[in-house]
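The letter at position 206 of the sequence shown is residue 206 when you use the numbering used here, and the numbering goes up by one with no holes. Just so you know, even glycine gets a beta-carbon here, dropped at the ideal spot from N, CA and C. A quick write-up on the structure given underneath.
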Amino acid sequence: MLQSKKKPYKAIDVAKLLAATLIIMLHTEPFADISPQLQWYLRSVVAIVAVPFFFIASGFLLFASSPDMPYGELIKKYKTRALRIIKMYLLWSLIYFVFVAIDWAQNGVTVLDILQYIKRFFFEGSYHTIWFLPALAVGLGIVVLLKRFLSVKAIFAVGMFVYIFTICGTALYGFFGKLPIIGDAYSAYYSFFDSMKNGFFVGFPYISMGAIIATKKEAKQNSVGMWTILSAVFFTAMSAEAFLEAKLSLSTGGVDNCIMLAPMSYCLFNFVLSIKAERFSDKLCKKLRTLSILMFLSQRIFITIGRYLSLDTRLNSLVWMILIFSLTVLFSEAIIKLSEKVSFLKILY
């Protein structure tokens, strides 16, 4: 979605498609009927790298073409991208509002329900999954704003401080939530917000990570072996941490965040960046880039419809995942084809 126009990063485009697939697997639980342990590992370790990858890629691509661009140029670049993201968010929110309206029609709606929806629309995301869009716009905006006063290294340091605060309020909430003062602060936050999935607590740290990688990419692109080893090391550490957090019941609900996720994501993105993918044509990579964001944002349509029809319980879990994946890909392909004639549809990606 935020690909550099000056230089294509083909491996990133391929990795985005894999990340979008992981997100679908995260939401459809393909191994639930096969192995609960394997499903837990997919849910708590493997699939949680996907969304950070999208955030990191966006931060990287914002700075990749010219890490030292004048601030005025950076502002202009951000405004263009933020406007595009906002348009996407509004259109996808309109699409998903159909399901909100159906729920209200079936179960009734109160003034509080409407106010809760408005709150989620502006602060958390109007519907599941598309929270990523406002979080992306806000996270990019924070990085750009801080760039006026700080270096990219300093912004990254601030981002990691925010990340640690987020970890303490999610993966380690079972411990830090019981502490005086800081526990009260988290309780006050959760009394108004449902989660910490937003542009400040999740988007900003990973986008700042993408920005710092962009400033050092020339020195790291040829280190595929090193990044492979580091990714494996931190993936192992992340697995151990997830098991420990689950055993001690520290998370706010499902391990979708952990301390090792940040260094793992940093190494994984650098690993992808170091891969030479010249064999892939520019046309194919552009297609994969578009397909990945459409898959990411549209999969909830079919998951929601399927759950209305109870297909998630009537079908084998693996069949359920394959069905949702297939419908999502077909829908995304259809949008790409139709957008060639109906340009308005390009807002969706």
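In the three-state reduction of the DSSP assignment, T170 falls in the coil class, being assigned neither a helical nor a strand state. The beta carbon of A262 sits closer than 6 Å to the beta carbons of Y163 from its chain, once the five residues preceding and following it are set aside; these are given in chain order. Residues A11 and V224 of the same chain have their beta carbon placed closer than 8 Å to that of I275, with the five preceding and five following residues left out of the count. G174 is positioned such that its CB atom lies no closer than 7 Å to that of Y186. The C-beta of R314 has fewer than 16 other C-beta atoms within 10 Å across all chains shown, which makes the residue exposed.
DSSP places F63 in the helix class (H, G or I) of the three-state scheme. Between the region 181 to 196 and the region 27 to 46, the count of Cβ pairs shorter than 8 Å is below three; the stretches do not touch. Nearest Cα to Y189 within the set L318, T166 and A105: T166. Straight-line spacing of the CA atoms in F31 and V319 works out to 10 Å. The three-state secondary structure of G177, taken from DSSP, is coil. For F325, the closest C-alpha among the options F344, E340 and M295 is that of M295. With a beta-carbon spacing of about 7 Å, A50 and L26 fall inside the 8 Å limit used to define contacts.
Here E73 carries a helix assignment [DSSP, helix/strand/coil]. With contacts defined by Cβ atoms closer than 7 Å, R148 and Y266 do not form a contacting pair. Distances from the CA of K76 to each of K87, M88 and F63 were compared; the closest alpha carbon is that of F63. Using a Cβ distance threshold of 7 Å, S208 and V143 count as a contacting pair. Each of I347, S281, I336 and G59 was checked against the Cα of A135, and the nearest Cα belongs to G59. It is roughly 11 Å from the alpha-carbon of K283 to the alpha-carbon of D13. When N270, L309, I102 and I212 are compared, the shortest CA-CA separation from L150 is found for I212. About 7 Å separates the Cβ atoms of S231 and M264, confirming a contact at the 8 Å cut-off. Bounds of the alpha helix (DSSP H) holding C285 are D282 to Y308. Judged by DSSP secondary structure, W320 falls within the alpha helix (DSSP H) whose first and last residues are S317 to S339. Bounds of the alpha helix (DSSP H) holding L26 are K10 to T28. Annotation: R300 to I130 spans about 9 Å, alpha carbon to alpha carbon. The C-beta separation of Y349 from T290 comes to about 5 Å, placing the pair in contact by the 8 Å criterion. Boundaries of the alpha helix (DSSP H) around N270: L261 to S274. In the three-state reduction of the DSSP assignment, M160 falls in the helix class, which pools H, G and I. Out of G125, E29, V342 and G199, the CA that lies nearest to the CA of S44 is found in E29.
By the neighbour-count criterion, in which 16 or more other beta carbons inside 10 Å mark a residue as buried, I85 falls on the buried side. Nearest neighbour of L172 by Cα position, chosen from L94, S310 and L248, turns out to be L248.
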